[in-house]
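Some notes on the structure that comes next.
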Amino acid sequence: MKEKVMDTLQRFSKAMFVPVLILPIAGILIAVGNIFTNQKLLEVAPFMNNPVTTGFGAILSGSLVAILSNLGVIFCVGLAVGLADKKKAEAGFTALLSFLVFINAMNKFMTLRGILSTAKDLSGTGQASVLGIQILDMGVFLGIILGITVGLVHNRFIDTEFKSAFQIYGGSRFVFIVMIPVTVLLAIGLTYVWPFIQAGISSLGTFINHSGNFGIFLYGALERLLIPTGLHHLVYTPFLYTSLGGVETIGGHVYEGARNIYYAEMADPSIKLLSRSVIWDARGISKMFGLIGACLAMYHTAKPENKQKVKAILIPAAVTSFIAGVTEPIEFSFMFLAPILFVLHAALSGLSMVVLNILNVRAIGPNGFLDFLLYNVPLGVAKTHWPMYILVGIAFFFIYYGLFRFLITRFNLKTVGREDADQETRLYSKKDYQAKAGTESAPAPAGNGAIPAAMIVEALGGAENIQSVTNCYTRLRTVLKDPSVVDEGTLKEQTGANAVIIKGNNVHVVYGLKVTAVRNAVDEELGLSAAELE
């Protein structure tokens, strides 16, 4: 039962990446649009104060905000695509059709019941206009519920075929035929059930809000602690994109979730001070500053004869963490050899969010320093208090360094460069810890830099052993029939993997920022690109 639950959660977590990975792109482009309309910048650079550049900025930021107003349909299509085992494009199309059927079915049923609100302003009524259709305000949860339903029905009936005159109704067409009554019944059922669910969600949000800094600390710590399971995305996603992360009315539109509120306020020049959501996206302190201090502590406590090798291992990982917010290579270098350091890291991550909340800092830095510059600097100091963010980050750099160095030396922790004489200086993974043995951080593939897709597939047990392949920011996420045949040594030493994580049939191979290229190469090796065109 435990394995089934973990497999289900892993599958859902992977599917969530389809819509979630797109949203930061929209946020960055909104930030770029704001640069062209920023009044202070225009005063410094008068040549940019013309209808062409300012108009471009206004159009860019204003048009992309529409994505935030329609997250329901985006999550519906994205989750259906992510959950589909095959013919993902057809699953996405079915999801879009089902979404349209759902909102119209719920609207008609609410009309028959006489419960549609007649208020011009739907705020506070529990109802909302979705694609111009008035229904219950379900926000992103509508897309999540319907996307999961479409994914399940699609996988169950996509291979259904008929003979003779009925053969035209097989495959994806039959999936949509099944979805019509399912969607209508779901719309009717949720008309009765959703108000109670919404009340529960509101109560949970109120509880988190009233828990104050403790709730923020718990959120920040859990988001890090769940990294080994790959389920940390399930912690922060609801707070960033649903009502659990706050609700604000901006420019006449209601936005839910800390990230969505931030993007919407970023695009509205009339907003003089950003609102403070229940949970803010302040993970950047540990990524941009904290782990750099941890790396320096590991370097300074390494044995003299190992310091050059430690430097070669940790500097690229530290730079990647600071610039792009990719932390796993660093975390895997200590989380399993010295669990106390990983727990300390999680606690400090939560504490950094609490400090920012106490100081009323509204700046964000979810994916490293580049994102931090684009999101915060153009908005100005008054809106974000971003200089204080930097000061807090510097303080946590020294806190990480001091605590890590003290614990490493006090308890003689075997971090990178402090291994016993019969061990090499290496990075570590979860499998290493379980086997009480280490493997060295692999260099990038030699030669012309081509990704050895065939070698990766073979190390995963061959094409026949691979059931599915997806990816997130840093990991190649696979589901294997038999994970015991995985050749971790080849994946790390020959293909450039930083770590291999095995949880049941889910096998994650950490490649860092090049994971998208790795995923594409593996897909091509498996023939998945051609299969998608069938």
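Read in UniProt numbering, the sequence shown has 7 at position 7, and its numbers run on one by one without any break. Heads up, the beta-carbon is just placed ideally off N, CA and C, and yes, glycines get one too. If you're wondering where the values come from, they're calculated on a predicted model, not measured in any experiment.
- Rounded to the nearest whole angstrom, the CA to CA distance from glycine 72 to arginine 410 is 51 angstroms.
- Straight-line spacing of the CA atoms in isoleucine 144 and leucine 359 works out to 35 angstroms.
- Its Cα nearest to that of phenylalanine 342, the residue Ile227 stands out among Ile227, Pro483 and Asn213.
- Annotated as distal: alanine 119 and threonine 111, with beta-carbon spacing of 8 angstroms or more.
- Closest in C-alpha terms to lysine 481, from the list Gly489, Arg173, Leu314 and Asn465, comes Asn465.
- Residue state for isoleucine 501 is assigned as strand, using DSSP reduced to three classes.
- Between the segment 470 to 489 and the segment 510 to 521, the count of C-beta pairs closer than 8 angstroms reaches three or more; the two stretches touch.
- Restricting attention to Ile158, Val182, Phe162 and Ala363, the CA atom closest to the CA of serine 172 is found in Ile158.
- Counting C-beta atoms within 10 angstroms of its own C-beta, leucine 131 has fewer than 16 neighbours from the protein chains shown and is therefore classed as exposed.
- When only Cα atoms are considered, asparagine 498 and leucine 100 end up about 44 angstroms apart.
- Between the segment 57 to 72 and the segment 295 to 303 there are fewer than three C-beta pairs closer than 8 angstroms, too few to call the two in contact.
- Measuring C-alpha to C-alpha distances from asparagine 357 to each of Phe162, Gly462 and Gly215 identifies Gly215 as the nearest.
- Segment contact: the segment 95 to 109 against the segment 33 to 46, fewer than three CB-CB distances shorter than 8 angstroms; contact not assigned.
- As summarised for the UniProt domain "PTS EIIB type-1" (450 to 532), the continuous alpha helix (DSSP H) elements at least 4 residues long and confined to that stretch are 453 to 459, 488 to 493, 515 to 526 and 528 to 532, given in chain order.
- Only exposed fits arginine 113, as fewer than 16 other CB atoms lie within 10 angstroms of its CB.
- Under the DSSP definition of a beta bridge, glutamate 248 partners with Tyr255.
- With 16 or more other CB atoms across the displayed protein chains lying within 10 angstroms of its CB, glutamine 134 is buried.
- DSSP, reduced to helix, strand and coil, places isoleucine 133 within a strand of the structure shown.
- Annotation: the continuous alpha helix (DSSP H) that includes aspartate 371 extends over 369 to 376.
- Separation of threonine 160 and leucine 460 (C-alpha to C-alpha, rounded to the nearest whole angstrom) is 31 angstroms.
- Counting every other CB atom within 10 Å of its CB across the protein chains shown gives threonine 183 a total of 16 or more, marking it as buried.
- DSSP places alanine 363 in the coil class of the three-state scheme, outside both helix and strand.
- Take the alpha-carbon of leucine 526 and the one of leucine 373: they are about 39 angstroms apart.
- As DSSP reads the structure, glutamine 167 sits in no beta bridge.
- Distance between leucine 314 and serine 275, taken at the CA atoms: about 38 angstroms.
- Here the C-alpha atom of tyrosine 400 lies approximately 41 angstroms from the C-alpha atom of leucine 142.
- Take the alpha-carbon of tyrosine 389 and the one of alanine 363: they are about 7 angstroms apart.
- The beta-carbon distance between lysine 414 and alanine 338, rounded to whole angstroms, is 7 angstroms. This is short enough to meet the 8 angstroms contact definition.
- Taking 8 angstroms as the cut-off, the Cβ atoms of alanine 221 and serine 349 count as close.
- Looking at the backbone, the Cα of glycine 139 and that of glutamate 256 are separated by about 7 angstroms.
- Looking at the backbone, the Cα of phenylalanine 397 and that of valine 361 are separated by about 18 angstroms.
- Under DSSP, alanine 128 forms a beta bridge with Ile135.
- Going by beta carbons, glutamate 223 and valine 235 fall inside the 8 angstroms limit.
- Annotation: serine 164 to proline 195 spans about 46 angstroms, alpha carbon to alpha carbon.
- With respect to phenylalanine 406, phenylalanine 369 sits apart: the two C-beta atoms are not nearer than 8 angstroms.
- When the beta-carbon positions are compared, methionine 16 and phenylalanine 217 stay at least 8 angstroms from each other.
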